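Line by line, the protein sequences give chains A and B.
If you're matching positions, the first sequence starts at 0 in numbering that gives the first Met the number 0 and goes up one per residue.
If you're matching positions, the second sequence starts at 0 in numbering that gives the first Met the number 0 and goes up one per residue.
Just so you know, even glycine gets a beta-carbon here, dropped at the ideal spot from N, CA and C.
The model shown is predicted, which means the values in this text are computed figures rather than measured ones.
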Amino acid sequence: MTDMKRRDVLRYSAAGAVTAATAVVGIQAVAGPGSAVGGEKAAAADPRDFEETYKGKKIKGKHNAGGKDELHINNKKLALTVISTLFIPEDGSEPYVANAYISAVNHYDPVEIDNDKNKEGLKKLAKKVVDMLGDLELSDEAAKAHTH
Amino acid sequence: MAVVRKNFTAMTSAEKTAFANALRQFKTTSANGRNYNWYIDQHITFFARTTDNISHAHQSPSFFPWHREYLRLLELDLQTVSGNPGIFIPYWDWTVSTLPFTSDFLGSVTNGSVSSGNFSPAWGWSLYRSSIATSFLQRRVGQNATRPTASQVSTVQSRTVYDQSPWNSTVSNSYRNRNEIELHNRVHNYVGGHMGTREAPNDPCFWLHHCNIDRLWWLWQTVRGLDTYQPRTGTTSGVVDNNETMRPFGAGRSPLAVHDISALNYSYA
Ligand SMILES: [Cu+2]
Numbered sequence: 000m001t002d003m004k005r006r007d008v009l010r011y012s013a014a015g016a017v018t019a020a021t022a023v024v025g026i027q028a029v030a031g032p033g034s035a036v037g038g039e040k041a042a043a044a045d046p047r048d049f050e051e052t053y054k055g056k057k058i059k060g061k062h063n064a065g066g067k068d069e070l071h072i073n074n075k076k077l078a079l080t081v082i083s084t085l086f087i088p089e090d091g092s093e094p095y096v097a098n099a100y101i102s103a104v105n106h107y108d109p110v111e112i113d114n115d116k117n118k119e120g121l122k123k124l125a126k127k128v129v130d131m132l133g134d135l136e137l138s139d140e141a142a143k144a145h146t147h
Numbered sequence: 000m001a002v003v004r005k006n007f008t009a010m011t012s013a014e015k016t017a018f019a020n021a022l023r024q025f026k027t028t029s030a031n032g033r034n035y036n037w038y039i040d041q042h043i044t045f046f047a048r049t050t051d052n053i054s055h056a057h058q059s060p061s062f063f064p065w066h067r068e069y070l071r072l073l074e075l076d077l078q079t080v081s082g083n084p085g086i087f088i089p090y091w092d093w094t095v096s097t098l099p100f101t102s103d104f105l106g107s108v109t110n111g112s113v114s115s116g117n118f119s120p121a122w123g124w125s126l127y128r129s130s131i132a133t134s135f136l137q138r139r140v141g142q143n144a145t146r147p148t149a150s151q152v153s154t155v156q157s158r159t160v161y162d163q164s165p166w167n168s169t170v171s172n173s174y175r176n177r178n179e180i181e182l183h184n185r186v187h188n189y190v191g192g193h194m195g196t197r198e199a200p201n202d203p204c205f206w207l208h209h210c211n212i213d214r215l216w217w218l219w220q221t222v223r224g225l226d227t228y229q230p231r232t233g234t235t236s237g238v239v240d241n242n243e244t245m246r247p248f249g250a251g252r253s254p255l256a257v258h259d260i261s262a263l264n265y266s267y268a
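As structure tokens, then:
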């Protein structure tokens with residue numbers, strides 16, 4: 000977690016820097032990052048849509064605009080809950096509030112995911128769950144949602 | 000009977016055995032209308048925002064008093080089921096390196112599983128509502144997080160504001176939220192496996208962990224004042240006020256009702 004957190008913080012600041020640079024060049028914020036690269040390709044490349052193998056398990060993410068993102072590990076559903084929570088970087092930098100996902104499995108370990116800088120968080124969460132499962136699989140209990 | 004909750008490292012081997020056996024007995028025998036799995040059900044139900052639109056157990060000011068009442072009830076039930084009024088919930092001070100995951104106590108771990116001895120299926124421990132498909136209790140100690148250090152604990156303990164609006168997981172200047180995230184969540188993640196899940200009370204170390212959280216809140220109270228829960232009486236929606244009943248506990252079991260542990264038949268050594 001220590002390493003992961005540190006990486007998060009680096010990525011967080013790096014993304015912030017990119018946004019600032021873009022603003023200086025003068026691209027309208029409303030145009031979004033996709034349109035700058037050009038239409039469909041960018042849309043198809045949403046990092047929350049993926050299907051790949053990680054440590055021998057199939058991880059599958061699906062982004063639903065306006066709906067709930069979905070995650071499956073070896074075809075077993077993991078219900079996701081969106082929360083807003085405080086993150087306290089271990090390097091001593093300022094705490095910040097961000098959107099994050101928790102599930103039955105990472106119940107106390109929210110992973111930052113949003114529509115902006117942290118779209119790849121869904122895959123990061125998938126890998127975290129696989130690491131935690133080891134040789135095991137999710138049960139049907141993991142598919143049951145609850146609200147926060 | 001009033002009990003003294005000790006650090007698990009100060010327990011005699013007879014006390015460790017009695018505690019483990021009482022938990023096992025409570026898996027299969029009811030006491031006071033509850034059994035062990037009732038506790039797992041409550042943890043899952045009240046982690047979520049319930050139909051009263053209140054978050055009773057986590058990510059809210061009632062995090063501390065809710066778990067205080069939850070542990071007090073379990074302690075009482077373990078005493079009842081075992082017929083041993085001296086049973087107490089020990090605490091695990093995670094700032095020291097001695098761990099409770101030993102074969103004579105909470106069970107030893109092999110490749111992430113408690114596969115034999117205490118708290119294994121063969122010993123008589125079954126899992127309930129596990130989100131991981133297994134019959135073996137899972138622990139991945141240190142894989143996902145480190146233990147809080149003594150200085151990190153004292154930094155959290157030195158916060159002066161109990162909690163404040165918006166009373167959830169986003170508050171920065173809040174003893175409750177900083178303890179919940181920086182100490183409580185972190186230790187759940189440090190142990191990993193079932194302790195990292197919604198059904199965390201499947202792992203008996205849940206009780207030792209929360210006992211230490213309760214002890215830290217008590218230490219904080221002895222410095223800041225016993226009746227310092229926020230929000231006070233009133234109409235704050237979506238949270239439990241000082242004199243409001245905490246579900247699923249009985250009528251009148253409010254934060255105020257549990258603020259003084261000397262009225263709850265236990266103390267800390
Ligand atoms: Cu907990």
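What is the C-beta distance between residue 151 of chain B and residue 181 of chain B, in whole angstroms, given that I count them as a contact (C-beta under 8 Å)? Locating residue 151 of chain B in the second sequence gives position 152, where the first residue counts as 1. Locating residue 181 of chain B in the second sequence gives position 182, where the first residue counts as 1. Residue 151 of chain B to residue 181 of chain B, Cβ: 7 Å. Contact.
Relative to the alpha-carbon of residue 199 of chain B, which residue among B/116, B/221 and B/39 has its alpha-carbon at the smallest distance? What you label residue 199 of chain B is simply residue 200 of the second sequence in a count that begins at 1. Minimum Cα distance to residue 199 of chain B is reached at B/39.
Out of A/106, A/84, A/92 and A/89, which has the shortest C-alpha to C-alpha gap to residue 99 of chain A? Position 100 of the first sequence, counting from 1, holds the residue named residue 99 of chain A. The option with the nearest alpha carbon to residue 99 of chain A is A/84.
Using 10 angstroms around the beta-carbon of residue 133 of chain B, count the other beta-carbons present and answer buried if the total reaches 16, otherwise exposed. In the second sequence, the residue the question calls residue 133 of chain B occupies position 134. That one is buried.
For residue 180 of chain B, go through chain A and note every residue whose CB falls closer than 7 Å to its CB, in chain order. Translated into positions along the second sequence, residue 180 of chain B becomes position 181. Near residue 180 of chain B (Cβ distances below 7 Å), the residues of chain A are 85 and 87.
Inter-residue Cα distance where the pair is residue 16 of chain B and residue 8 of chain B: By one-based count along the second sequence, residue 16 of chain B stands at place 17. By one-based count along the second sequence, residue 8 of chain B stands at place 9. If you take the alpha carbons of residue 16 of chain B and residue 8 of chain B, they lie about 13 Å apart.
Near-chain B residues of the region 128-141 of chain A - C-beta to any C-beta below 9 Å: If the cut-off is 9 Å between Cβ atoms, the region 128-141 of chain A has 130, 131, 132, 133, 134, 135, 136, 137, 138, 139, 140 and 141 near chain B.
Taking Cβ to Cβ, would you say residue 252 of chain B is nearer than 7 Å to residue 241 of chain B? As a first step, residue 252 of chain B must be located in the second sequence, where it is residue number 253. As a first step, residue 241 of chain B must be located in the second sequence, where it is residue number 242. Contact flag unset, no.
For residue 258 of chain B, which residues of its own chain have a beta-carbon under 6 Å away from its beta-carbon, when the five flanking residues on both sides are left out? By one-based count along the second sequence, residue 258 of chain B stands at place 259. Cβ within range, chain order: 225 and 226.
Under 9 Å from the C-beta of residue 187 of chain B: neighbouring residues of chain A: To locate residue 187 of chain B, count along the second sequence from 1; it is residue 188. Those are 106, 107 and 108, listed as they occur along chain A.
Along the region 157-170 of chain B, what residues have a CB closer than 9 Å to any CB found in chain A? Residues passing the 9 Å Cβ filter: 167, 168, 169 and 170.
Buried or exposed for residue 11 of chain B, please, with buried defined as at least 16 other CB atoms from any protein chain shown within 10 angstroms of its CB. Residue 11 of chain B sits at position 12 when you count from the first residue of the second sequence. When all chains shown are included, residue 11 of chain B counts as exposed.
Buried or exposed by the 16-neighbour rule on C-beta atoms within 10 Å, applied to residue 117 of chain A: In the first sequence, the residue the question calls residue 117 of chain A occupies position 118. The residue in question, residue 117 of chain A, is buried, as its Cβ has 16 or more Cβ neighbours within 10 Å.
8 Å contact criterion, which residue 156 of chain B and residue 215 of chain B should meet: CB distance rounded: Within the second sequence, numbered from 1, the residue matching residue 156 of chain B stands at position 157. Within the second sequence, numbered from 1, the residue matching residue 215 of chain B stands at position 216. Indeed they touch by this definition, with Cβ atoms about 6 Å apart.
Is the CB-CB distance between residue 197 of chain B and residue 123 of chain B below 7 Å? By one-based count along the second sequence, residue 197 of chain B stands at place 198. By one-based count along the second sequence, residue 123 of chain B stands at place 124. In this structure, residue 123 of chain B does not lie closer than 7 Å to residue 197 of chain B by Cβ.
Determine the direct distance from the alpha carbon of residue 73 of chain A to that of residue 93 of chain B, and round the result to whole angstroms. Counting from 1 along the second sequence, the entry for residue 93 of chain B is found at position 94. Counting from 1 along the first sequence, the entry for residue 73 of chain A is found at position 74. Taking the straight line from one Cα to the other gives about 35 Å.
How is residue 250 of chain B classed by DSSP in three states: helix, strand or coil? In the second sequence, counting from the first residue as 1, residue 250 of chain B sits at position 251. Here DSSP, grouped into helix, strand and coil, assigns residue 250 of chain B to coil.
For a contact meaning CB atoms closer than 7 Å, what does residue 133 of chain B contact in chain A? Locating residue 133 of chain B in the second sequence gives position 134, counting from the first residue. By Cβ distance, chain A contributes 135.
Rounded C-alpha distance that separates residue 63 of chain B from residue 175 of chain B: Counting from 1 along the second sequence, the entry for residue 63 of chain B is found at position 64. Counting from 1 along the second sequence, the entry for residue 175 of chain B is found at position 176. So the alpha carbons of these two residues sit roughly 7 Å apart.
Mind listing, in chain order, the continuous beta strand (DSSP E) runs of no fewer than 3 residues lying wholly within the region 77-105 of chain B? none
Let me know if residue 54 of chain A comes out buried or exposed under the rule of 16 or more other beta-carbons within 10 Å of its beta-carbon. The residue given as residue 54 of chain A occupies position 55 in the first sequence. Counting of Cβ neighbours within 10 angstroms places residue 54 of chain A among the exposed residues, the total staying below 16.
I'd like to check one pair, residue 245 of chain B with residue 91 of chain B: are the Cβ atoms closer than 7 Å? Locating residue 91 of chain B in the second sequence gives position 92, where the first residue counts as 1. Locating residue 245 of chain B in the second sequence gives position 246, where the first residue counts as 1. Cβ atoms of residue 91 of chain B and residue 245 of chain B: not closer than 7 Å.
Short Cβ contact (7 Å threshold) for residue 79 of chain B with residue 30 of chain B: As a working mapping, residue 79 of chain B is identified with position 80 in the second sequence. As a working mapping, residue 30 of chain B is identified with position 31 in the second sequence. In contact: residue 79 of chain B and residue 30 of chain B (Cβ atoms closer than 7 Å).
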